[in-house]
Amino acid sequence: MLYEAKVNCPVCGSSFRTPVEQIIDVRVDPEAKQRVLGGNMNVTQCPACGWVGSLNVPFLYHDPSQELALLYLPVEAGVNEQQRQAAAGRLTRSLMDSLPQEERKGYLLQPETFISLDSLVRHLLKLDGVTDEDLERQESQQGLLRELLQAEPGEWELMLSEESELVDEAFFYQLQYLEQMLGLAEGAVPEGEKITELKEFLIENNARVKVLHERSQLVQPFFENPNRDTLVETLVKVRNESAQEMLIQQGLTLMDYAFFQKLLAYIEAAENEEERARLQALRRRILDIREELAAASQELLEERAVLLNKLLNTEELMKMARSHRSELDEAFVYVLRAQLAKATEEGNRQLQERLNQVGEVLEQLVEQSMPPQVVLLRSLLAASGNDAEMTRLLKEQSQLLDEAFFQFMDSMMEHAKQEGESEMLASLQSLLAKARHFASQPVASAAATSPSETTSPSGLIISKR
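Going by this note's numbering, the first residue of the sequence shown is number 1, and it counts up by one from there.
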């Protein structure tokens, strides 16, 4: 999700506009992960002095296939912790608002937070089973890219022949991202032109890069407009197996009955038997990959059941839960609820109590990672009907009744309307009136920015593309 931000050059002080990414969803943009891993986030160039660097702005990384949400929140995100948490809350809401209702899951409200990009990258790599040798390779690739851009084009052939093993998919996507971002920056010309020239040189002279470029072009229609129709159309046209696999994995949630009906229509309309056989093989491949992912999901549930059993039998529940924080995900909650339902049905009160204790610890951990505005809202909803308790909370934490709080309330009321939850909607409307009464300062209005500008998820004044 791109926004246009107004920034000042750290070298010459010139003000200019440049695109920034703050919501990074790898399902929508599969290449985003390589940008994060390569440290190439929000690269820009000053049109006045030519300075090139990365903007140190917060962003939220989301991989729905792993139910993974990582928040990059540098110290610069706010002068105090309250401002930093407000920025985190805006990013979380922005991501959730962009997702269909069935995908707005609990893990999005508890993203793991990192204050340095390096620590976030290393965490991602660790999840992927990356070794120290892999990290050294990544650093070597970044160094090679810098050296190539500093060298004259006439030197590229020799330099690349000496480091040919470093030119792989990750290297190509780093280069492609730099070209895209510098091309979008206002007035950026020299560095962007050289990056484009290097990319074209690699496509022409490196067989591996040529294949990657062709694959990228093949899948582009779907990633530019991800929906069921473009997924079917692109899959039918693409014959490259790696491109097909990328599309199948990224479009898995769109592969419902309607999707297969559309694919069947292509099969029945095939011009000859060879084409029909190719499309039938494609359908079988899609079904095979779905089965593999279903098996992986079952394996995950079994792993979470083992973890739950450990938590039930430990004397240091909170300590163990903290040490397994990243595993307390939607799959774990599913297993916990299933076990609780079974214990209730069997009348096993002792197990019920212990399972409820695990649930309470999980709830505490969730709240500890939430923005304070969200925690306050949850507490207020829990106190619904108890006017004295609600008044106490609103008085004691009136400093949290800011724009972020009311925006989050608005999104919850909209959700309640869409779902037909009349009781929840009534509670929220009543709470809204009380909260506005206790608000320590008026809610910031859109008039603070120019008509063509809005506010990015982390609070930057921007013009949305």
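Positions of the beta carbon are idealized from the N, C-alpha and C atoms, including for glycine. On a predicted model such as this, the values are computed, not experimentally measured, just so you know.
> Gln244 to Gln83, Cα distance in whole Å?
Replying inline: Using only the alpha carbons, I get a separation of about 44 Å.
> If Arg35 sits next to Tyr173, beta carbons under 8 Å apart, how far is it from one beta carbon to the other, in whole angstroms?
Replying inline: Yes, they are in contact, since the Cβ atoms of Arg35 and Tyr173 sit about 7 Å apart, within 8 Å.
> In whole angstroms, what separates the C-alpha of Leu311 from that of Ser297?
Replying inline: Between Leu311 and Ser297, the alpha-carbon positions lie close to 21 Å from each other.
>> Please state the DSSP three-state secondary structure of Ser422.
In response: Residue state, collapsed to three classes: helix.
> Taking the C-alpha atoms as reference points, what is the distance between Val374 and Leu109?
Replying inline: The straight-line gap separating the alpha-carbon atoms of Val374 and Leu109 is approximately 9 Å.
> Does the ligand ATP have even one heavy atom less than 7 Å from the beta-carbon of Tyr61?
Replying inline: Annotation note on the ligand ATP: not contained in the displayed structure, which lists no ligands.
> Which of the three DSSP states, helix, strand or coil, is assigned to Arg137?
Replying inline: In the three-state scheme derived from DSSP, where H, G and I count as helix and E and B as strand, Arg137 is classed as helix.
>> What does the Cβ neighbour count give for Asp387, buried or exposed, with the cut at 16 atoms within 10 Å?
In response: That one is exposed.
>> Could you check whether the stretch 377-387 touches the stretch 58-65, counting it as contact only if at least three pairs of C-beta atoms, one from each stretch, sit closer than 8 Å?
In response: Judged by Cβ distances under 8 Å, the stretch 377-387 makes no contact with the stretch 58-65, as fewer than three pairs qualify.
> Fully enclosed by the stretch 269-318, which alpha helix (DSSP H) runs are 4 residues long or longer?
Replying inline: DSSP runs (the alpha helix (DSSP H)) wholly in the stretch 269-318: 273-313.
> What residue does the alpha helix (DSSP H) around Thr131 start on, and which one ends it?
Replying inline: Thr131 -> no alpha helix (DSSP H), and no H or E assigned at all.
>> Per DSSP, what are the beta-bridge partners of Phe114 in this structure?
In response: Answer is Tyr72.
> How is His213 classed by DSSP in three states: helix, strand or coil?
Replying inline: Here His213 sits in helix by DSSP.
> Is the beta carbon of Ala170 less than 8 Å from the beta carbon of Gln141?
Replying inline: Against a cut-off of 8 Å, the Cβ pair of Gln141 and Ala170 comes out as a contact.
> What runs of the alpha helix (DSSP H), each 4 residues or longer, lie entirely inside the stretch 368-422?
Replying inline: Runs of the alpha helix (DSSP H) inside the stretch 368-422: 372-382, 387-396, 403-419.
>> Whole angstroms are fine: how far does the CA of Gly89 sit from the CA of Val335?
In response: Per the coordinates, the alpha-carbon of Val335 lies some 28 Å from the alpha-carbon of Gly89.
> Looking at Leu231 and Leu198, is the spacing between their C-beta atoms short of 8 Å?
Replying inline: Here Leu198 is not near Leu231, since their CB atoms are 8 Å or more apart.
> What did DSSP end up calling Leu109 once you bin it into helix, strand or coil?
Replying inline: Three-state result, Leu109: helix.
>> Relative to the C-alpha of Leu287, which candidate in Ala270, Leu252, Leu300 has its C-alpha closest?
In response: That would be Leu252, whose Cα lies nearest to the Cα of Leu287.
> DSSP state of Gly53, grouped into three classes?
Replying inline: In the structure shown, Gly53 adopts extended strand secondary structure according to DSSP, grouped into three states.
> Rounded to whole angstroms, how far is the Cβ of Leu340 from the Cβ of Gln352, which I believe are closer than 8 Å?
Replying inline: Rounded, the Cβ-Cβ distance is 7 Å, consistent with contact.
>> For Leu135 and Leu125, which I take to be in contact (beta-carbon distance under 8 Å), what is that distance rounded to the nearest angstrom?
In response: Their Cβ separation, rounded to whole angstroms, is 7 Å, which keeps Leu135 and Leu125 in contact under 8 Å.
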